[in-house]
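Residue numbers (my numbering): 210 to 1140.
The beta carbon of each residue, even a glycine, is placed where N, CA and C say it ideally should be.
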Amino acid sequence: MPALTRDEARTRARLLDVHHYTVDLDLTRGDDVFGSTTVIRFTAATAGDTFADVEPARLRRVLLDGHDLDPALLRDNRLPLSGLTAGEHELRVEADMCYTRTGEGMHRFTDPADGETYVYTQGFLHDCRRVFAAFDQPDLKALFDVSVTAPAGWTVLSNAVTTPADPAPAAAGDSIPAAAGEPAPAPGNPTPAPAGNPTPDPGSAPAPAPAPAPVPTPASVRWRAAPTPPLSTYLLAVAAGPWHSVRTEHAGLPFGLHVRRSLGPHLDRDAVEILDITRRCFDRYHEIFEEPYPFDSYDQAFVPEFNYGAMENPGLVTFRDEHIHRSAVTDTERQTRAMVIAHEMAHMWFGDLVTLQWWDDIWLNESFAEYMGFQTLTEATRYRDTWTDYAAGHKTWGYDADQRPTTHPVAPAPEDVPDTASALLNFDGISYAKGASALRQLVARLGEKDFLAGINDHFARHRFGNATLADFLDSLARASTEDVHGWADRWLRTTGVDTLTAEVTTETAEDGTAAPAEPAWRLTLRHTGTRPHRVTVTTYDHGSDHDSDNDHDPGGHPAAHPAHTRHTPRGRLTLRDRFTADVPADGDAPARTLPGPRPPLVLLNGDDLDYAKIRLDPRSWNTALGALSALPDPITRAVVWNTARDMVRDGELAPGGYLRAVRAHLPHETDLAIVQGVLGFARHQIADRHLPPPDRPEALAGLTAVCRDLLDRTADGGNPGLRLAAARGCLDTLTDPGELRAWLTAGTVPGGPALDPELRWRLLLRLTVLGAAGPADIDTALADDPGATGREGAARCRAALPDPAAKETAWNALFDSDELSNRLVKAIAEGFWQPEQRDLLTGYVRRYHPAAVAAAARRGPAIATVLGREGYPAHAVDEETLRLGRECLRRDEPVPSLRRKLDDQLDDLARVLRARARVATHTTGHTSGAG
């Protein structure tokens, strides 16, 4: 089917002014289809032709201004409207629409834990046509009236307050706010009913008349949502099912949390925290935004099998229900959930109140929500180190994406986003992580006061309308004296990552032969790139516990250090100085002479307010490797770890060197986000990809030792989150099946934590990969955990069985069957490719590309993305895999969503091969073990 082009959208927007949608959905027509009746009222500016978007299973009837149109006119999900006259029109479309299992359109899910069914919509980016007929583009906003017929016992949620047509008592899964002065019921529990009538005493008044006969329960209930303010079509949302709900009120608005019933106890446990975060973010946004929250309610529905982290539907945010934790989590993971809550609430202003005009301005939605989510969490909640989490686990998404051939500007030119298919590809690390980083740099230049003044001007001018980058920059320019248009040209319209390198020298006398009487040192910031930077420079001295015998310049290339050598932490570092330097767009910063002896460590961007690759001078790098865990600020440690990560990817640091730093410093690390981010990179990139396969066992053994050190350090129970991260790391890296089996039998990691469902499935997956668990073990685990997550865990383990028949079954499920849901496809893909099973998988690597191309074409963008991400054979780091992939791109014409993933995977593969070759060149004559 053709994607909507920008030119088509502009033509349609010039012709039409859309006023109102009436959408009536019937969810009682069985397991496969639902009814959809849409009435659209619109005005044509002139006589002309256009089309509406609708993707039905069956188009039952179409009326334009009361006259029937032939449903057979529908082609490629476009309904032609020919011969429109200037003036008012009404289009009525009656259709049966298909439920999906891919998280697009109207997704339908039956919970294996209890057999209950739930549905929800996902209209972004162009999938509202799978739910209702529309003029589907963001700049044709309209009012919506929505009604839904649903099975009795279901609750229907939508963008505005939604109630049954005939009011009924609250469902048994709801908690109801207490009246003033009354105690509130526990979350998830219904308000107690009054006691029954007491038995009358003899001789008292006559007994009450018998209760009337019960009225039969209707098979369905019709629900109606309050009218919305103007919305873009992709933001209309409906979620229906027998939800377990927790409701409250804040600032005069109803707030609600909703999950499927089988997750009800887990929501009840976390509801106080989630609502507290929600209230705090809501209040903070009202402090900094002059425009009040623009909708009549705020519901947050945690829905099953969701493709994204969340979706910013006005008044009804949908989240993936993994954010309702069934098992123990770290505080960093709770912080991540809180950030997603803050991010989506920011969208109520950025994206919903003011919406992009066309998809070239995705960043106006996502970069702002990303920045505001992290910043607001820091300002308004108990989570004060959110930017460390961003640096350690999120910003690298942007750095990686920006170094691939598929990179694009944060704000691409409109002609570079010619249609919705290309727009969908740009929801990536550039639009989120790099865009948020650019905004941090902008705020560092403008100051928060002027930045917020520009934002509020933008909201006031474009409320309930659409806007462009130019509109936003004009608002900032009115609030600031900075050249924001020039800044945007350099930062938002360009691609790639600049590099800033510290060059440090010691001052000498004028004749160059001796040091001056007063010691001094000289700093030059070398700049490769095209953007201006405002960067913080921090300098450090060794503490009194420093061993000066180890303080030397390493000399030579970092990759040349023998990999078996282990760094030893060298004691405390103390801050000497912090200052800001401005680096011009097209050159180096002016050299600066500073008093005193040269510091052992000179670090750029230690507060991470800039977006650039950082390179240290040799002595500073040696100091950093020796004393990384001694840096006092966690965000500074995250910057150094990211520098090491980037050097590995560029072939400037041997993988063994990175692992030595992990072995030396991670056992002393206190920040959870850093521990989780570093362990993840070391396990999945260093051990699984950057190291040659013969070196992998030693690398895993080293990572296991790090995790054991962390377990020893947390044995007193004082840091359960760090202990949980260490336990997970052990389960992912242990190679001794006997030890793993003993833990499974005992039901606990020695000394704790106990094996909850998440840890049990993680342990069982590792045993399965190692060939030490089989189908009977998987069946037993599934019987103990029969819900959706257990079903996914079992599918993942079955795909990981090192058995030819099991692999062929999993392969057929991935690439030949069209029955599995998006989440089951993802689980099977995660289990299928295992580095330990390299020989067994060789034939499947050769089969991968044509199979993925065919399956992606059949199943659409969501599944194509999974097949190109989790379904890719990332373990196969060799020239033959690279050749097969490039041949596929030349020959097979994969759909755009798969092509983008393959482009990225192949570039990452080529980068690893280059890094391996470069390291091999510099390590000639040295031991190559992982250390």
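Distances from the CA of Asp-262 to each of Pro-984, Phe-577, Arg-339 and Leu-272 were compared; the closest alpha carbon is that of Arg-339. Sixteen is the threshold: when 16 or more other Cβ atoms of the shown chains lie within 10 Å of the Cβ of Gly-524, as they do, the residue is buried.
For Phe-511 against Ile-533, the beta-carbon gap comes to about 5 Å, under 8 Å, which counts as contact.
Excluding the 5 residues flanking it on each side, Val-1075 has same chain C-beta neighbours closer than 7 Å at Asn-1031, Val-1034, Lys-1035 and Ala-1038, in chain order.
Judged by pairs of C-beta atoms under 8 Å, the segment 426 to 442 does not touch the segment 313 to 328, as fewer than three such pairs exist.
Listed as beta-bridge partners of Gln-331 by DSSP are Gly-314.
Only residues of its own chain outside the window of five on either side were considered, and among them Arg-846, Val-849, Ala-870 and His-874 have a CB closer than 7 Å to the CB of Leu-837, listed in chain order.
Contact check for Asn-665 and Val-744: beta-carbon distance about 29 Å, past the 8 Å limit, so the pair fails to qualify. By the neighbour-count criterion, in which a residue is buried when 16 or more other Cβ atoms sit within 10 angstroms of its Cβ, Asn-1021 is exposed. With the rule of 3 Cβ pairs closer than 8 Å, the segment 911 to 919 counts as touching the segment 931 to 948. Residue burial annotation: Glu-499 is exposed, with fewer than 16 other C-beta atoms found within 10 angstroms of its C-beta. Secondary structure note for Gln-509: its beta strand (DSSP E) is the uninterrupted segment 507 to 512. For Ile-823, the uninterrupted beta strand (DSSP E) segment begins and ends at 822 to 824. When the five nearest sequence neighbours on each side are left out, the beta carbons in the same chain lying within less than 6 Å of the beta carbon of Leu-888 are those of Gly-938, in order along the chain.
The three-state secondary structure of Glu-967, taken from DSSP, is helix. Tyr-820 is a Cβ neighbour of Ser-646, given a cutoff of 8 Å. Per DSSP, Ala-304 lies in no alpha helix (DSSP H); the unbroken beta strand (DSSP E) holding it starts and ends at 296 to 307. Around the beta carbon of Pro-804, fewer than 16 other beta carbons lie within 10 angstroms, which makes this residue exposed. Thr-998 is classed as buried because its beta carbon has at least 16 other beta carbons within 10 Å across all chains shown. Residue environment: Gly-960 is assigned as exposed (fewer than 16 neighbouring CB atoms within 10 Å of its CB, all protein chains considered).
When Asp-569, Leu-565, Ile-571 and Gln-584 are compared, the shortest CA-CA separation from Val-549 is found for Gln-584. Of the residues assessed, Lys-350 falls on the buried side of the cut-off, its CB having 16 or more other CB atoms within 10 angstroms.
Taken atom to atom, the span from the alpha-carbon of Ala-1085 to that of Ala-711 is near 37 Å.
Within the same chain, and ignoring the five residues on either side of Arg-971 in sequence, the residues whose Cβ sits closer than 8 Å to its Cβ are Arg-937, Leu-940 and Asp-941.
Counted as a single uninterrupted DSSP element, the beta strand (DSSP E) harbouring Arg-270 occupies residues 267 to 273. The C-alpha of Thr-789 lies about 37 Å from the C-alpha of Ala-1119. Look at the beta carbons and you see the segment 631 to 646 not touching the segment 674 to 683: under three pairs across the two are nearer than 8 Å.
Classified as exposed, Lys-658 has fewer than 16 neighbouring CB atoms from the shown chains inside 10 Å of its CB. In terms of Cβ geometry, Gly-860 and Arg-1127 form a close pair [threshold 8 Å]. Straight-line measurement puts the Cα of Trp-606 at about 25 Å from the Cα of Trp-558. Taking a cut-off of 8 Å on C-beta distances, the segment 927 to 935 does not touch the segment 947 to 954, as fewer than three cross pairs fall below it.
Here Arg-969 has Ala-990 as same chain residues with Cβ atoms under 7 Å from its own Cβ, once five neighbours each way along the sequence are excluded.
Contiguous beta strand (DSSP E) elements confined to the segment 627 to 698 occur at 674 to 676, taking only those with 3 or more residues. Rounded to whole angstroms, the separation of the alpha carbons of Leu-633 and Ser-454 is 33 Å. When the alpha-carbon of Ala-266 is set against those of Ala-1060, Cys-307 and Val-811, the nearest one is in Cys-307. Using a Cβ distance threshold of 8 Å, Ser-576 and Leu-648 count as a contacting pair.
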